[in-house]
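In the order they appear, the protein sequences are chains R and D.
Whatever position you read off the first sequence (first residue = 1), add 25 for this note's numbering.
Whatever position you read off the second sequence (first residue = 1), add 25 for this note's numbering.
From the three backbone atoms N, C-alpha and C, an ideal C-beta is built for every residue, glycine too.
Worksheet for the structure shown next.
There are 2 protein chains.
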Amino acid sequence: MLNKLHITAEDMIQQNGGRATAGRIGILAILLAEQQAMTHREIEQRLPGTLQLDRVTLYRALEWLVGKNLIHKVTSDDRVWRYHANREVHNTHQHAHFKCTCCAQVICLDDLTIERNWHLPTGYRFQEIELTVKGLCADCG
Amino acid sequence: MLNKLHITAEDMIQQNGGRATAGRIGILAILLAEQQAMTHREIEQRLPGTLQLDRVTLYRALEWLVGKNLIHKVTSDDRVWRYHANREVHNTHQHAHFKCTCCAQVICLDDLTIERNWHLPTGYRFQEIELTVKGLCADCG
DNA sequence: ACAATCCTTGCAACATTGTTGCGTTTATTT
DNA sequence: AAATAAACGCAACAATGTTGCAAGGATTGT
Ligand SMILES: [Mn+2]
Ligand SMILES: [Mn+2]
Ligand SMILES: [Zn+2]
Ligand SMILES: [Zn+2]
Chain R
26 MLNKLHITAE
36 DMIQQNGGRA
46 TAGRIGILAI
56 LLAEQQAMTH
66 REIEQRLPGT
76 LQLDRVTLYR
86 ALEWLVGKNL
96 IHKVTSDDRV
106 WRYHANREVH
116 NTHQHAHFKC
126 TCCAQVICLD
136 DLTIERNWHL
146 PTGYRFQEIE
156 LTVKGLCADC
166 G
Chain D
26 MLNKLHITAE
36 DMIQQNGGRA
46 TAGRIGILAI
56 LLAEQQAMTH
66 REIEQRLPGT
76 LQLDRVTLYR
86 ALEWLVGKNL
96 IHKVTSDDRV
106 WRYHANREVH
116 NTHQHAHFKC
126 TCCAQVICLD
136 DLTIERNWHL
146 PTGYRFQEIE
156 LTVKGLCADC
166 G
């Protein structure tokens with residue numbers, strides 16, 4: 026199961042012309058296996074004993090994966106980045122997340138369209154729209 | 026001009042049954058005068074020489090104003106809180122902001138309605154919806 | 001195979017933002 | 001005026017993420 030994801034992760038990394046190091050593969054596999062967005066800390070804790078990475082190395086690997094568009098990161102009200110593997114829907118310029126106001130959990134709400142019937146002030150340029158639904162998750166509600 | 030806002034700020038604070046200290050009045054007046062959301066740092070720099078507050082006092086005053094619903098704060102991708110005076114529209118559970126991906130500037134997009142044609146996973150409870158439009162501001166574009 | 005080059009890693013130090021504890025000052029109440 | 005409560009300033013702390021640099025490992029060219 027996790028082995029399958031390792032192969033998928035390795036494929037994704039190599040298709041982007043990057044060096045498929047054990048760290049990157051392991052990190053991406055963890056993110057692919059997880060439904061919700063994960064903090065640096067959570068990823069670190071889930072790393073297997075055979076793959077202990079330095080804090081900084083983990084930060085740099087995550088940043089590399091973000092740059093290659095294999096994952097994306099989301100800010101939260103607790104000022105902590107959360108990382109999540111990219112799905113097809115992330116190619117569009119629309120993105121929706123649910124954020125729990127109690128435990129700060131973040132999940133992607135992929136099937137969600139946003140109407141764009143508004144306009145920005147003159148001189149402003151549109152790049153991306155991000156919808157955040159706040160509330161209580163099943164555990165905290 | 027700023028004196029008028031001082032009176033307004035004092036009114037707002039007293040109507041909420043709080044002690045109208047010079048710090049709170051000055052901070053709220055600054056936020057009322059500014060169109061875009063301001064960081065702690067920016068507010069600190071705009072404080073007049075006659076009103077020098079300790080860093081921590083400023084943080085605590087801002088938190089107090091947030092608790093009284095006189096201002097609200099917004100997270101940004103640079104992990105810095107930005108504060109903004111509340112208008113009438115902030116009483117609703119809808120809120121929209123523009124965030125510049127270059128300089129991290131944040132402005133409120135008040136006249137913006139969001140359709141709610143989606144649903145959360147079972148067990149999740151809705152509280153508030155927040156729409157973020159990312160792009161380049163007039164200065165950075 | 002060997003050397004040159006480039007990328008990746010680990011470690012230490014640092015930067016930034018925000019928080020907590022606590023004693024002192026200031027305002028409000030009695 | 002005395003008692004009480006709130007606000008303030010200072011110092012120390014916590015958490016998250018960044019930067020510099022030397023060492024290690026993989027790729028490439030000869
Ligand atoms: Mn997402
Ligand atoms: Mn706002
Ligand atoms: Zn929760
Ligand atoms: Zn800008």
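- Distances from the alpha-carbon of Ala121 (chain D) to those of R:Gln61, R:Thr138, R:Leu156 put R:Leu156 closest.
- Judged by DSSP in its simplified three-state form, Ile32 (chain D) adopts helix.
- In this structure, Ala62 (chain R) has its beta carbon less than 8 Å from a heavy atom of ligand 1.
- Near ligand 4, residues with a Cβ at less than 5 Å from any of the ligand's heavy atoms are D:Cys125, D:Cys127, D:Cys128, D:Gln130, D:Cys162, D:Cys165; the list follows chain order.
- Per DSSP, the continuous beta strand (DSSP E) segment holding Gln152 (chain R) begins and ends at 150-161.
- Inclusion of Cys133 (chain D) in the 8 Å shell around ligand 2 follows from its C-beta lying nearer than that to a non-hydrogen atom of the ligand.
- Look at Val91 (chain R): its beta carbon is at least 8 Å from all of the heavy atoms in ligand 2.
- Within 8 Å of the C-beta of Val99 (chain R) there is at least one heavy atom belonging to ligand 1.
- Separation of Val131 (chain R) and Leu76 (chain D) (C-alpha to C-alpha, rounded to the nearest whole angstrom) is 40 Å.
- If you check the C-beta of His120 (chain R) against ligand 1, you find a heavy atom less than 8 Å away.
- Within 8 Å of the C-beta of His109 (chain R) there is at least one heavy atom belonging to ligand 1.
- For Ala121 (chain R), the uninterrupted beta strand (DSSP E) run begins and ends at 119-125, by DSSP.
- Residues of the same chain with a CB within less than 7 Å of the CB of Leu137 (chain D), apart from the 5 flanking positions on each side, are Ala121, Leu156 in chain order.
- In this structure Leu83 (chain R) is in contact with Ile68 (chain R), their Cβ atoms being roughly 7 Å apart against a cut-off of 8 Å.
- Val81 (chain D) and Arg107 (chain D) have their C-alpha atoms some 16 Å from each other.
- Residues of chain R whose Cβ lies closer than 8 Å to the Cβ of Gly166 (chain D) are, in chain order, Gly148, Tyr149, Arg150.
- When rounded, the separation of the alpha-carbon atoms in Ile38 (chain D) and Ala45 (chain D) is 6 Å.
- Counted as a single uninterrupted DSSP element, the alpha helix (DSSP H) harbouring Val81 (chain R) occupies residues 80-92.
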